[in-house]
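Residue numbers (my numbering), protein chains in the order written: chain A, 931 to 1875; chain B, 607 to 1126.
As structure tokens, then:
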């Protein structure tokens, strides 16, 4: 947010005045409250308190309607009192007012007097409290309620040795602890208001309409003559303070203390009791020792805490002091109340600790809303939220853990049992704070270490690279201002890396702490979990210049291998077959061979069938994004968890060069119009997918001279829109496509671009450019095991004039020498560049014979790491010239067969008259096909010449 | 056992007189009038909320492409912040404001000197941060009293920012319950939003879903079914709803009404103005869903659609049948009490019957007589001082739009599927069961004691009263953070939740082993 809001409260951090009043009355024995005004006030407050305390909350209303508003509400109020007395028989009724009653100027004390005078046998005490919603927050309302009761009830009596203890809004469990400490001290005390029982009632065999706990009214009567009042609030305004009232009216001495949160304030409280003649028991001393012990144990975690603490002034003050004594720095302290004294005192409290931790950015703010808290938290580098459950939206949005320890708690159980007071309460809350930090740490430490120590230096270089590249794409206004990235994010983005990033789980481990199972989204997963690609989508709605339609789409799979297309039920069969063989199968994907969404019927039917058979398997989809906004919700409904969107550029001018035609809902668009349309759908679809909770990978194919300049910009935009990971791949020139003759971009260039993009979006570096029918682990394609075995083509179909009746032995004139790159010797399973041996076969297209297992001496001891293998490409470099050695080794053959042959070796082999082919089949099959292919080409050349 | 005497005996004569007409024992085949939508009695802990809650909390709040500003002191805005658990996905522009609470947070000086200036500034600030296309202003009690002209502020904002800005004078004291707020919100939507957008194509078999607030995802499950069959859902009022959709909703072929109470005004006005027929549906409970879907298919009369409907019903029923049967085995024969808003007390009886659970007591918090006795009673309902204060908007037919049905077909369908009819709650209940309007805490306690239901469905305000009295209580406002309960999948969730509530092991452990007596 650019500037401070003055008139708008965006996500309030406070509740209304009457809520505090009625809560205070819950601490008075036999009391009920009636709010004079519209019934909505009572209803809202009741539902709010019941959700927190999980207890019945009875607050009556005078149910004023428009008529009462115009002619005065006295009749309604009196009727309400009648009914309340008749049905509940309370000892005391607190009559609070609301905005409505105060605005129309109801004179409640006068109405109550009138009522009392009209009833001769009235046993109930009536206590009026002026409590318009706009007189302050619930915090002041609480004290106002307490003071109103004391003002009405307390009177001069015989002086006695008892002490009064006034508490700020506190949880029932905390009040129980406070009463334990006071009882242990042996002092005669009256604690007020005591909500310990009434808002945390045990299950009882018979339900009591009126709870029987709370401070008895007789005890309050004697408060004026007590020895002293202890007020466990330093920030209650004097005009609302019950202690100040007794002091000023009856001369009762007043001591104001912080509530006993943390070591120092517990000590101060106990010291005060000792000064008054009280004792501290052994159990309390043992608890003090245990808290100290916990403080020592916690230091290594608490010291990294940078907390935003919000709520009532006393509570925030206490928690900040507890944080400070544990080295857990409260970098943001906020309250919704108006309390300049509090802000001053708290600043003085936390500044020294900030100084000793070299942390300058500390903010203390009263009259704050959650918009302020978010802004300050981002500026100050918060990694922990502490307060009510109302911070949950912020916690979710920013992935900061939230320790709930203040009213209201609406999304957890146990609001009545919050523990902060006493040494034991302090231990409990310290444990909770530290565990929140540890939870974050444990969830992401591996990825964080990897990022900091393994990838760190490379990322720095990447930032430099990016500074040189001029951004060509700006986010639209609506994206910039959407709630997802509103407020302070736009400010801090410009200021460099955010401090909170240091404490967030790094990429690769999602925030929900589930280990990533998708092999493409995590390198760790890629060596463990298998995936299955189902080729069910033959049609495509784009015409890309790097593609030849009759081949697999080169976005997602290697070209040159036309897959068999499966019908949905065939896909199910394949899935079941693969699942039976591969227990580590986690992901079923559809990656073409065309565009998955252009085949939506087949796609959805396939996924539906598989889901029926396996509720756990995760679905993944590759798409060009053109139809994504239309289908994304249905994809979500189908249970798709992952998407890969291929976005090659975010500049329509560049897009116009890449995409020949965009067929969108039956109309064909070309040029920049087509590219703009595609881009809008890609980005919109990406954002929608992310909003629906899908994880998105963005693939970019780098084409030399076309889009290589804008690739980092793609990563930046994709990251802004919420993509999880990027994947930058080499354009593989496909013969017959428009870009078929473009020189390929080198691996080294790809690496450079990939690292430059890394500063925006984590990049996948273990991509194998899989086939549309790939099966198994990323590195070990097993698709051939599940494909129907093609029969060798009859020779006459490829070689006109050749008889099929040739003899079985390879015939010298037509024998083709095939060099196969294989590690296992059974399957073509390596890139040409990975070869350290060649299997040389001779074949006539019908039969084959192994001639030689040729070891290739690469020099420098050879190397096992492939250049796009799992190991770091820069760490495992092959000796210079190894390609030349490999090419030399294959020079006597007619054809080389490998899973992949790069552009440079391909050219070099061609120069030696050696053809390059790719295959994933069994070696036998691959050799036969290779021989047939070469023979067919020769025959064709013969015919031409 | 005369429940009425046992419970009402504690009241004084005046209250007795006023309450006795709100309670009746159902006698099958008889016409039984009930008093409803009258003022709550002061001091007896009604469960009702206020006009603001009905307008902002129920109808306007769920609109995701709208920044709703509560004009007033902080409480009302805070308490209506995300408490209904209505869910929404971001709209096409990625906007979703329902997680936000905006308030002008009026202070004493604003009450004394007027709050218009602060409201104007608050709008300016919302525009600066979010640039929403729509802003809605909901006023709380003091605003009407101090005379802030929020409607003038809204029109000025429309001019200044080129947005749609609506103001709702829904001060808490208006009417007698939330119901007044529903009406005020309905009027606002009708005057300004519905019919505002004539652009773009509305597909075949197009429907609006009215009175579906997507609590716990109910609307999503319902939409899933409709879309699966082949319907085109134009707009949902207002769960996961958007102003942009509602602006186009007048061109849909039919309005489906889930919650009759909160939205029937819009349905009636759309019928008059745009000729959109409406049909009361219920997507809670397997039999009701099937009936609703079949009625809808009959409305369109398309054979393919009718076939597809049967296909989907069969498929969905088959998919949940074993689970439902499993829960039914445990729940069969249990007795329930339901006390919720203005429609659910009727809807959930159908779902309970799917599990063999009979409803022995039901009532609405803020229903009107037509919700109890059926719409035919409407001409007989007398206007009182409280309902007169709420504007009764009269709309004129807009000649540009054509009715979907011919008059003959309309008559035919009215008889066949009860088009534009609602028979009410009482007819759904069995002989000797009880209906209570505007149940309060005191009567709830007495009722639980006397009727001894196995489960009580209500909200969080009485939940703990009932549970402390030894009867499990499930919230049917927020679903106890569960849901969806609508549709086929929702029925399974409901069966699961009800079973887990009734079979909590703790119920059997209440008595300590060292105590002989059985006093639970």
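In this text, a Cβ means the ideal position worked out from N, Cα and C, and glycines have one as well.
- Straight-line CA distance for residue 902 of chain B to residue 1043 of chain B? If you take the alpha carbons of residue 902 of chain B and residue 1043 of chain B, they lie about 31 Å apart.
- Item | Contacts around residue 1623 of chain A, its chain only, beta-carbon distance under 8 Å, and the 5 residues preceding and following it disregarded | The answer, listed in chain order, is 1566.
- Task: Select from the region 642 to 664 of chain B all residues with a C-beta closer than 8 Å to any C-beta belonging to chain A, and list them in chain order.
- Result: Flagged, chain order: 645, 646, 647, 648, 649, 650, 651, 652, 653, 654, 655, 656, 657, 658 and 659.
- Task: Please confirm whether residue 1086 of chain B and residue 986 of chain A have their CB atoms less than 9 Å apart.
- Result: Note that the C-beta distance between residue 1086 of chain B and residue 986 of chain A is not below 9 Å.
- Item | Those residues which DSSP pairs with residue 1166 of chain A across a bridge | Residue 1166 of chain A is not bridged to any residue.
- Message: Please return the same chain residues whose Cβ sits closer than 6 Å to the Cβ of residue 1550 of chain A, not counting the five positions on each side in sequence.
- Response: Cβ within range, chain order: 1517, 1519 and 1572.
- Query: Taking the DSSP output, what are the residues bridged to residue 1825 of chain A?
  - Reply: Its beta-bridge partners are A:1748 and A:1845.
- Item | Length of the line joining the Cα atoms of residue 1664 of chain A and residue 1638 of chain A | Pairing residue 1664 of chain A with residue 1638 of chain A, the inter-Cα distance amounts to about 18 Å.
- Query: In three-state terms, what does DSSP make of residue 638 of chain B?
  - Reply: Three-state result, residue 638 of chain B: coil.
- Query: Hey, residue 992 of chain A and residue 964 of chain A are a contact pair by Cβ (cut 8 Å); roughly how many whole angstroms apart?
  - Reply: Yes, they are in contact, since the Cβ atoms of residue 992 of chain A and residue 964 of chain A sit about 6 Å apart, within 8 Å.
- Message: So, does the region 1602 to 1613 of chain A touch the region 1652 to 1667 of chain A, judging by three or more C-beta pairs under 8 Å?
- Response: Judged by Cβ distances under 8 Å, the region 1602 to 1613 of chain A makes no contact with the region 1652 to 1667 of chain A, as fewer than three pairs qualify.
- Message: So, with DSSP's three-state summary, where would you put residue 1010 of chain B?
- Response: The answer is coil: DSSP assigns residue 1010 of chain B none of H, G, I, E or B.
- Task: Can you give me the Cβ contacts of residue 1054 of chain B inside the same chain, cut-off strictly under 7 Å, excluding the 5 residues immediately before and after it?
- Result: Excluding positions up to five away in sequence, the list reads 1062, 1072, 1075 and 1077.
- Starting from residue 1127 of chain A, find everything on chain B with Cβ-Cβ shorter than 8 Å and list it in chain order. Around residue 1127 of chain A, no beta-carbon contact reaches into chain B at under 8 Å, the shortest distance being about 13 Å.
- Query: Count the other CB atoms within 10 Å of the CB of residue 1383 of chain A; is the residue buried (16 or more) or exposed (fewer)?
  - Reply: Classification for residue 1383 of chain A: exposed.
- Query: Taking the Cβ atom as the reference point for each residue, do residue 1599 of chain A and residue 1642 of chain A lie within a distance shorter than 9 Å?
  - Reply: Cβ distance not < 9 Å, so residue 1599 of chain A and residue 1642 of chain A don't count as in contact.
- Query: For residue 1425 of chain A, does the count of other Cβ atoms within 10 angstroms reach 16, so buried, or fall short, so exposed?
  - Reply: Bear in mind that the predicted position of residue 1425 of chain A carries a pLDDT of just 36, short of 50, making it too unreliable to give a figure here.
- Message: Can you tell me whether residue 1179 of chain A is helix, strand or coil according to DSSP?
- Response: In this structure, residue 1179 of chain A counts as helix in the three-state DSSP scheme.
- Compare the C-alpha of residue 1316 of chain A against each of A:1331, A:1305, A:1308 and A:1304 and name the closest. For the residues A:1331, A:1305, A:1308 and A:1304, the minimum Cα distance to residue 1316 of chain A belongs to A:1331.
- Query: Taking the C-alpha atoms as reference points, what is the distance between residue 1027 of chain A and residue 1173 of chain A?
  - Reply: Computed Cα separation, rounded: 23 Å.
- Message: Any beta carbon of chain B sitting closer than 9 Å to that of residue 992 of chain A?
- Response: Yes, its Cβ sits closer than 9 Å to a Cβ of chain B.
- Item | Proximity of residue 1881 of chain A and residue 1532 of chain A at Cβ, strictly below 9 Å | Only positions 931 to 1875 of chain A appear in the structure, and residue 1881 of chain A is not among them; the question remains open.
- Query: Counting pairs of beta carbons, one from the region 826 to 835 of chain B and one from the region 866 to 881 of chain B, are three or more of them closer than 8 Å?
  - Reply: Touching, no, given that fewer than three Cβ pairs across the two stretches are closer than 8 Å.
- Query: Curious, which full-length alpha helix (DSSP H) runs of at least 4 residues does the region 781 to 847 of chain B contain?
  - Reply: Listed in chain order, they are 784 to 798 and 824 to 835.
- Give the interface partners of residue 1093 of chain A over in chain B, defined as CB-CB distance under 7 Å, in chain order. Chain B residues near residue 1093 of chain A: none, gap ~34 Å exceeds 7 Å.
- Whole angstroms is fine: what's the gap from residue 865 of chain B's alpha carbon to residue 949 of chain B's? If I take the Cα positions, the gap works out to 6 Å.
- Query: Is the region 971 to 991 of chain A in contact with the region 1145 to 1155 of chain A, if contact means three or more CB pairs nearer than 8 Å?
  - Reply: Flag = no, the region 971 to 991 of chain A and the region 1145 to 1155 of chain A do not touch.
- What residues from the region 1528 to 1560 of chain A come within 7 Å of chain B, judged by C-beta to C-beta, listed N to C? Within the region 1528 to 1560 of chain A, no residue has a Cβ that lies closer than 7 Å to any Cβ of chain B.
- Look up residue 1589 of chain A in the DSSP assignment and give the residues it is bridged to. Residue 1589 of chain A pairs with A:1474.
- So residue 1772 of chain A is in the beta strand (DSSP E); what residue range does that whole segment cover? Looking at the DSSP string, the run of the beta strand (DSSP E) that includes residue 1772 of chain A is 1767 to 1773.
- Out of curiosity, what's the CA-to-CA distance linking residue 1563 of chain A and residue 1782 of chain A? The C-alpha of residue 1782 of chain A is placed about 56 Å away from the C-alpha of residue 1563 of chain A.
- Query: Start and end of the alpha helix (DSSP H) containing residue 1631 of chain A?
  - Reply: Note, residue 1631 of chain A: premise wrong, no alpha helix (DSSP H); beta strand (DSSP E) at 1625 to 1632.
- Message: Quick check on residue 978 of chain A - is its C-beta less than 9 Å from some C-beta in chain B?
- Response: Interface residue, yes.
- Task: Could you pull out every residue in the same chain whose Cβ sits closer than 6 Å to the Cβ of residue 1537 of chain A, ignoring the five residues on either side in sequence?
- Result: Setting aside the 5 residues that flank it on each side, residue 1537 of chain A is surrounded in the same chain by 1549 and 1568, each with a C-beta closer than 6 Å to its C-beta; the list follows chain order.
- Message: I need the DSSP call for residue 1121 of chain B, collapsed to helix, strand or coil.
- Response: Note: residue 1121 of chain B maps to coil in three-state DSSP.
- Query: residue 732 of chain B touches chain A at which residues, Cβ-Cβ below 7 Å?
  - Reply: Scanning chain A for C-beta atoms nearer than 7 Å to the C-beta of residue 732 of chain B yields 938, reported in chain order.
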